[in-house]
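Just so you know, we're using this note's numbering here: the sequence shown kicks off at 1085 and counts up by one. First comes the structure, then the notes that go with it.
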Amino acid sequence: MAARSRLVLGVLAAVALLVALAFLLREDPSATQPARRDSLAGGGATTSSSELQSATTPGTADERSAAAEAERVPPPSGADTPSKSRALKGTLRFFDPFGVHGAVARGSFSLHANSEEEPRTVAVEQGAWSVEIPEEPFELSAFTAEDARVFLHASTYGLYQFPADGVLDLLVRRDLGCRLVVVDAASGRELVDVEVVRDSGQGNWGKRSPDGSAEEVRIAEHAASPVELAQEEDSARYFVRGAGYAWRTVGVQRSACGDRVVALRPGGDLTVLLGGAPAPDGAEVRLRGERDTNDPYATQYVEHRRAIGALDRRLDFDSIEAGGYEVSVEVGVNTWRSTRITAKNVVVERGKRAQVEFVLPSPEPATLVEAGGTIQLSGWPEARSLTLHSRFAPRVGGKPEYRALLSDSSGPPEAIVHTWSIGAIEPGAYSGFIGGASHYFDFVVAAENRSDYVIVLPPPADVRLRVLDARTGAPADVERVGWLGYAGEWRPGGQINSAQLDPELGLWRFHAPATTVSIWINDEDYEFRNTPIELVPGVNERELRVPRACGIIATFVHAGVPIARDVSWTIELAHPDGKEAGYANPLDDAEMELVMRAPAPGRYRITAEGLDGYRIVSSLDVTVPIDGFARVVVELERVR
1085 MAARSRLVLG
1095 VLAAVALLVA
1105 LAFLLREDPS
1115 ATQPARRDSL
1125 AGGGATTSSS
1135 ELQSATTPGT
1145 ADERSAAAEA
1155 ERVPPPSGAD
1165 TPSKSRALKG
1175 TLRFFDPFGV
1185 HGAVARGSFS
1195 LHANSEEEPR
1205 TVAVEQGAWS
1215 VEIPEEPFEL
1225 SAFTAEDARV
1235 FLHASTYGLY
1245 QFPADGVLDL
1255 LVRRDLGCRL
1265 VVVDAASGRE
1275 LVDVEVVRDS
1285 GQGNWGKRSP
1295 DGSAEEVRIA
1305 EHAASPVELA
1315 QEEDSARYFV
1325 RGAGYAWRTV
1335 GVQRSACGDR
1345 VVALRPGGDL
1355 TVLLGGAPAP
1365 DGAEVRLRGE
1375 RDTNDPYATQ
1385 YVEHRRAIGA
1395 LDRRLDFDSI
1405 EAGGYEVSVE
1415 VGVNTWRSTR
1425 ITAKNVVVER
1435 GKRAQVEFVL
1445 PSPEPATLVE
1455 AGGTIQLSGW
1465 PEARSLTLHS
1475 RFAPRVGGKP
1485 EYRALLSDSS
1495 GPPEAIVHTW
1505 SIGAIEPGAY
1515 SGFIGGASHY
1525 FDFVVAAENR
1535 SDYVIVLPPP
1545 ADVRLRVLDA
1555 RTGAPADVER
1565 VGWLGYAGEW
1575 RPGGQINSAQ
1585 LDPELGLWRF
1595 HAPATTVSIW
1605 INDEDYEFRN
1615 TPIELVPGVN
1625 ERELRVPRAC
1635 GIIATFVHAG
1645 VPIARDVSWT
1655 IELAHPDGKE
1665 AGYANPLDDA
1675 EMELVMRAPA
1685 PGRYRITAEG
1695 LDGYRIVSSL
1705 DVTVPIDGFA
1715 RVVVELERVR
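Listed below in structure tokens is the structure:
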């Protein structure tokens, strides 16, 4: 009895305290609003109002009355407000490039509500699912299906807001499995002595063969085609070769794989011997293959490349395609002002090792000079950096890039300047870049010490650009407009800057040096544009008309099953009379669709070469509509 009395007194004291607190809180209206928690922030488990009532409501009438008064007291500021639970339901179906194909009969996925500590497993039955969860944001993951292996479709993954109608239909991609069908490129015959190495996916994606790094994983050795790939990440890159065949690189997107044909060509080996003086820093051995193409960059295409270490006297290139190569020792960027030290031609034959020997000359050391001067800002508040990129291959002691030291800006408002200096630099022609204004310019360092160079930064131009649809004249709804601080020849360190859209004026705006710059428009609904415009100081109002994109979206199928296009396939558009259709390069390889842009609406023919053991068996003539893309299914047949 005494214990009961002490309990009642304790409860009444607590109630009195709560009532007093309620009175005080009413004096400050702002205190009656509990803090709202960020709807995307994680949180612990909450307690429902029914659980709170059963845990705190005493049994007597007076106690219930006091408890009811206590319930009217708002929660302390910052307390979590429980979300009410509500039914969420939907369907789970397979998706492929031809549309939705059937429901997942049985399976499950993980659903993690924002306020719950642990995720829930939601069961799928007859393609449908339902669950009761708090009405708040949630995240989905870990999809499984009992009748197929699946991958998350891009539209399924991620964080969701609770749908207003409580219905959410989900898509997953059916995993077709992944096998590499390795064949002879000429005959289509499957090979029986195959090696497969999975690349680390790091570093230089231009590699044509494995380099033995620890991150590379040997998948198969002396295996017969086809080679089954384990279910790992959705995309990966593999190196494949056979006995007497060259290495081949193949990128695999697992959700769009199935049987992937890898056609190998005959291969041999090449050894490069280096005699004479040590190779200069940054030197590489580069192999350029013979190419039957009109591509103006073909002469710059490097089939294989290998850096030369200080002690290297022998470099081996194993399992490369048979044929003729130009082998060179070079320093500098391959596509921009490289210096060739020496070169020879060689023929690599199938199953044989060719050899090239070079006697390297002693490198001439660079002569370094002091350079410095001023930068006249011409209306800019400051220059953040000054960088000089050499337009030649540096000699021993020289560098391809120099960054200057800048002083604080000084001088009157109409003539603010920076002083700059470079401790030691190799004389010659350079491409300069001024950060903060994105200004590029040509610069020559003389063969003498000088501290009186004057670099003039052009005054700023306020650019206001109206982008219009070329056919309708209406404002073009493009996703991004960029600009580059120069036009014409590529320069090292070139970067595209973003313009900002002024929604009230419907104009894209940016500030740039008053010189010639390039406007970049790259939007999936419009043709790519790289348009040079000449700017003047002050306001520049310009108008740019861009045509709508049009072209062809092709899906390649074999025996009714879509197959992924390999990057080595040569697929182009031509007019039916055989004339080239101009710009029509493959731009996208999303899923198993190949998007090709045409120069204009009209009748075209798809031409294809090097289809890795396939040949085309369907008609390839297609009409490209105005402002749109025609869809075509290209039937392929295995070469045997």
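A virtual CB, placed ideally from N, CA and C, is assigned to each residue, including glycine. Predicted model, so just to flag it, every value in this text is computed and none were measured.
What is the rounded straight-line gap between the Cα of Tyr1329 and the Cα of Pro1310?
Against the sequence shown, residue 1329 aligns to sequence position 245. Against the sequence shown, residue 1310 aligns to sequence position 226. Rounded to whole angstroms, Tyr1329 to Pro1310 spans 16 Å at the Cα level.
Quick check for students: name the residue ranges of the beta strand (DSSP E) that lie wholly in the segment 1311–1369, counting only runs of 3 or more.
1319–1326, 1332–1337, 1342–1348 and 1351–1360
Quick check: the Cα distance between Gly1512 and Gly1366, rounded to an integer number of angstroms?
Taking the sequence shown and counting its residues from 1, one reaches residue 1512 at position 428. Taking the sequence shown and counting its residues from 1, one reaches residue 1366 at position 282. Cα to Cα, Gly1512 sits roughly 19 Å from Gly1366.
The beta strand (DSSP E) that contains Leu1704, what's its start and end?
One-based indexing of the sequence shown puts residue 1704 at position 620. No beta strand (DSSP E) holds Leu1704; DSSP gives it neither H nor E.
Any non-hydrogen atom of the ligand NAD within 7 Å of Phe1323 CB:
In the structure shown, the ligand NAD is absent, as is every other ligand, since no ligand is present at all.
Residue span of the beta strand (DSSP E) that contains Pro1597, given as start and end
Residue mapping note: residue 1597 aligns to position 513 of the sequence shown, counting from 1. Looking at the DSSP string, the run of the beta strand (DSSP E) that includes Pro1597 is Leu1591 to Pro1597.
Ala1197 lies in the beta strand (DSSP E); which residues open and close that run?
What you label residue 1197 is simply residue 113 of the sequence shown in a count that begins at 1. Unbroken beta strand (DSSP E) run through Ala1197: Arg1190 to Ala1197.
Please report how far the alpha carbon of Ala1658 lies from the alpha carbon of Phe1179, in whole angstroms.
Walking along the sequence shown from the start, residue 1658 turns up at place 574. Walking along the sequence shown from the start, residue 1179 turns up at place 95. Taking the straight line from one Cα to the other gives about 32 Å.
Which residues does DSSP pair with Gly1622 in a beta bridge?
Taking the first residue of the sequence shown as position 1, residue 1622 is located at position 538. Its beta-bridge partners are Ala1545.
I'd like the span of the beta strand (DSSP E) that includes Asn1429, first residue to last.
By 1-based counting over the sequence shown, the position of residue 1429 is 345. Per DSSP, Asn1429 belongs to the beta strand (DSSP E) from Thr1423 to Val1432.
How far does the beta strand (DSSP E) with Trp1604 in it reach, from first residue to last?
Sequence index remark: in the sequence shown, residue 1604 carries index 520 (1-based). Its beta strand (DSSP E) spans residues Thr1600 to Ile1605.
Can you give me the start and stop residues for the beta strand (DSSP E) that Gly1408 sits inside?
Taking the first residue of the sequence shown as 1, we reach residue 1408 at position 324. From DSSP, the beta strand (DSSP E) with Gly1408 extends over Gly1407 to Val1415.
Within this structure, are the beta carbons of Leu1541 and His1523 separated by less than 8 Å?
Reading the sequence shown from its first residue, position 457 is the one you call residue 1541. Reading the sequence shown from its first residue, position 439 is the one you call residue 1523. Contact flag set, yes.
Quick check on the DSSP output: the beta strand (DSSP E) that includes Trp1213 runs from which residue to which?
Mapped onto the sequence shown, residue 1213 falls at position 129. Annotation: the continuous beta strand (DSSP E) that includes Trp1213 extends over Ala1212 to Pro1218.
Taking the CB atoms as reference points, tell me whether Arg1632 and Asn1606 lie closer together than 8 Å.
Locating residue 1632 in the sequence shown gives position 548, counting from the first residue. Locating residue 1606 in the sequence shown gives position 522, counting from the first residue. Going by C-beta atoms, Arg1632 is not nearer than 8 Å to Asn1606.
From Arg1325 to Gly1359, what does the alpha carbon distance come to, in whole angstroms?
Along the sequence shown, read from residue 1 onward, the residue named residue 1325 stands at position 241. Along the sequence shown, read from residue 1 onward, the residue named residue 1359 stands at position 275. About 31 Å.
Identify whether Glu1721 lies in helix, strand or coil by the three-state DSSP scheme.
As a working note, residue 1721 is residue 637 in the sequence shown. The answer is strand: DSSP assigns Glu1721 an E or B state.
DSSP three-state label for Glu1485, please.
Residue 1485 sits at position 401 when you count from the first residue of the sequence shown. In the structure shown, Glu1485 sits in a strand (DSSP, three-state: E or B).
With DSSP run on the structure shown, which of helix, strand or coil describes Glu1387?
Residue 1387 sits at position 303 when you count from the first residue of the sequence shown. Of the three classes helix, strand and coil, the one that applies to Glu1387 here is coil, per DSSP.
Where Trp1567 falls, given that 16 or more other Cβ within 10 Å makes a residue buried
By 1-based counting over the sequence shown, the position of residue 1567 is 483. Trp1567 is buried by the Cβ-count criterion.
Would a C-beta distance cut-off of 8 Å place Val1346 and Val1266 closer than the cut-off?
Taking the sequence shown and counting its residues from 1, one reaches residue 1346 at position 262. Taking the sequence shown and counting its residues from 1, one reaches residue 1266 at position 182. Contact: yes.
Thr1471: first and last residue of the uninterrupted beta strand (DSSP E) it sits in:
Position 387 of the sequence shown, counted from the first residue, corresponds to residue 1471. First-last of the beta strand (DSSP E) with Thr1471: Ser1469 to Ser1474.
Assuming Leu1195 and Val1208 form a contact by the criterion Cβ under 8 Å, report the distance between their Cβ atoms to the nearest whole angstrom.
Position 111 of the sequence shown, counted from the start, is the residue given in the question as residue 1195. Position 124 of the sequence shown, counted from the start, is the residue given in the question as residue 1208. 12 Å between Cβ atoms; not a contact.
By DSSP, does Pro1496 sit in helix, in strand, or in coil?
As a working note, residue 1496 is residue 412 in the sequence shown. In the displayed model, Pro1496 falls within coil according to three-state DSSP, outside both helix and strand.
Rounded straight-line distance, which links the Cα of Ser1293 to that of Glu1169
Position 85 of the sequence shown holds residue 1169. Position 209 of the sequence shown holds residue 1293. It should be noted that the sequence gives Ser, not Glu, for residue 1169. Taking the straight line joining both Cα atoms gives about 56 Å.
Lys1428 versus Arg1302: straight-line alpha-carbon distance, rounded
The residue you call residue 1428 lines up with position 344 of the sequence shown. The residue you call residue 1302 lines up with position 218 of the sequence shown. Approximately 34 Å between the Cα atoms of the pair.
Is it buried or exposed for Thr1205, if we count other Cβ within 10 angstroms and need 16 for buried?
Counted from its first residue, the sequence shown places residue 1205 at position 121. Answer is exposed; the Cβ neighbour count stays below 16.
Helix, strand or coil, according to DSSP, for Asn1533 in the structure here?
As a working mapping, residue 1533 is identified with position 449 in the sequence shown. It is coil, neither helix nor strand.
I think Ala1450 touches Pro1478, with their Cβ atoms under 8 Å apart; what is that distance to the nearest whole Å?
Counting from 1 along the sequence shown, the entry for residue 1450 is found at position 366. Counting from 1 along the sequence shown, the entry for residue 1478 is found at position 394. About 6 Å separates the beta carbon of Ala1450 from that of Pro1478, a gap short enough to meet the 8 Å contact definition.
The segment 1275–1283 in contact with the segment 1243–1259 per 3-pair CB rule at 8 Å:
The segment 1275–1283, when compared against the segment 1243–1259, does not touch it at the 8 Å Cβ threshold.
Cutting at 7 Å between CB atoms, please list the residues of its own chain near Val1716, excluding the five before and the five after it.
Locating residue 1716 in the sequence shown gives position 632, counting from the first residue. Contacts found: Ile1636, Ala1638 and Val1706.
Based on the DSSP secondary-structure assignment, which residues constitute the bridge partners of Ala1513?
Locating residue 1513 in the sequence shown gives position 429, where the first residue counts as 1. Ala1513 pairs with Val1528.
Should Ile1655 be labelled buried (16 or more other beta-carbon atoms within 10 Å of its own) or exposed?
Here residue 1655 refers to the residue found at position 571 of the sequence shown. Buried, by the Cβ-count rule.
Terminal residues of the beta strand (DSSP E) in which Gly1635 lies
In the sequence shown, the residue the question calls residue 1635 occupies position 551. Unbroken beta strand (DSSP E) run through Gly1635: Gly1635 to His1642.
Coarse secondary structure for Ala1229, derived from DSSP in three states:
On the sequence shown, position 145 is the one that residue 1229 refers to. Secondary structure at Ala1229: strand, using DSSP grouped into helix, strand and coil.
Compute the Euclidean distance between the alpha carbons of Lys1291 and Pro1350, then round it to the nearest angstrom.
By 1-based counting over the sequence shown, the position of residue 1291 is 207. By 1-based counting over the sequence shown, the position of residue 1350 is 266. Going by the C-alpha atoms only, they are around 19 Å apart.
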